[in-house]
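Novice: No gaps in the numbering here: position 79 of the sequence shown is 79 in the numbering used here, and each next residue is one more.
One structure coming up, written as structure tokens, with questions to follow.
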Amino acid sequence: MFATTKHKSQLLELVSDCFEPIRSDLGNVHPDLRDSTYISGALLGFCRAYVNHYQLNDGQFNLFVDAVFEEVFRHQSIAMQTRAEQWLNEKNSAFMEAYYHARQQQTELKLDWLSQYVQTHFKKAVTLGQQL
Numbered sequence: 001m002f003a004t005t006k007h008k009s010q011l012l013e014l015v016s017d018c019f020e021p022i023r024s025d026l027g028n029v030h031p032d033l034r035d036s037t038y039i040s041g042a043l044l045g046f047c048r049a050y051v052n053h054y055q056l057n058d059g060q061f062n063l064f065v066d067a068v069f070e071e072v073f074r075h076q077s078i079a080m081q082t083r084a085e086q087w088l089n090e091k092n093s094a095f096m097e098a099y100y101h102a103r104q105q106q107t108e109l110k111l112d113w114l115s116q117y118v119q120t121h122f123k124k125a126v127t128l129g130q131q132l
């Protein structure tokens with residue numbers, strides 16, 4: 001149990017750091033991320049790589065996916081997990097590309113590549129009523 005909590009904390013820190021450059025002051029990401037098959041595929045693939053790297057089980061994988069999607073998508077987490085599962089089942093090309101790319105990161109477990117992608121393709125989120 002404590003090992004799962006430790007791993008969950010480490011995984012959430014990696015994901016949080018990855019998206020930090022585009023978060024608003026309230027910690028939200030731009031809504032456009034919800035339409036990105038690439039982002040969802042990368043998150044799901046990275047969770048799988050993490051679980052494989054540490055030889056954890058599917059129950060832990062499910063817990064990590066839930067936590068990671070909640071960290072990124074907040075109250076849209078469940079809807080995004082459902083969409084990600086749909087894209088996985090459909091074998092959406094952008095989703096699968098990101099999914100397999102993330103799974104290859106199993107030895108290093110870094111998200112620098114995804115952070116770079118996020119900063120290149122998405123605007124920084126802003127809080128309503130706030131000027132840039």
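Even for Gly, the Cβ is constructed at its ideal location relative to N, Cα and C.
This one's a predicted model, so the numbers in the text were calculated from it and none came from an experiment.
Does the contact criterion of 3 or more C-beta pairs under 8 Å hold for the region 57-68 versus the region 115-127?
Specialist: These segments do not touch.
Novice: Grab me the residues of Q106's own chain with a C-beta within less than 7 Å of its C-beta, minus the 5 sequence neighbours each way, in chain order.
Specialist: The answer, listed in chain order, is A49, N52 and H53.
Novice: Put R23 into one of helix, strand or coil per three-state DSSP.
Specialist: DSSP places R23 in coil when its eight states are reduced to three.
Novice: Mind checking Q81: buried by the 16 CB within 10 Å criterion, or exposed?
Specialist: Classification of Q81: buried, given that the 10 Å Cβ count is 16 or more.
Novice: Would you report the Cα separation of N92 and F69, rounded to the nearest angstrom?
Specialist: If I take the Cα positions, the gap works out to 19 Å.
Novice: Using a Cβ-Cβ cutoff of less than 6 Å, which residues in the same chain neighbour L43 once the five nearest sequence positions on both sides are dropped?
Specialist: Correct list, in chain order: V68.
Novice: Compare the C-alpha of V72 against each of A102, T4 and I39 and name the closest.
Specialist: Checking every option, the nearest Cα to that of V72 belongs to I39.
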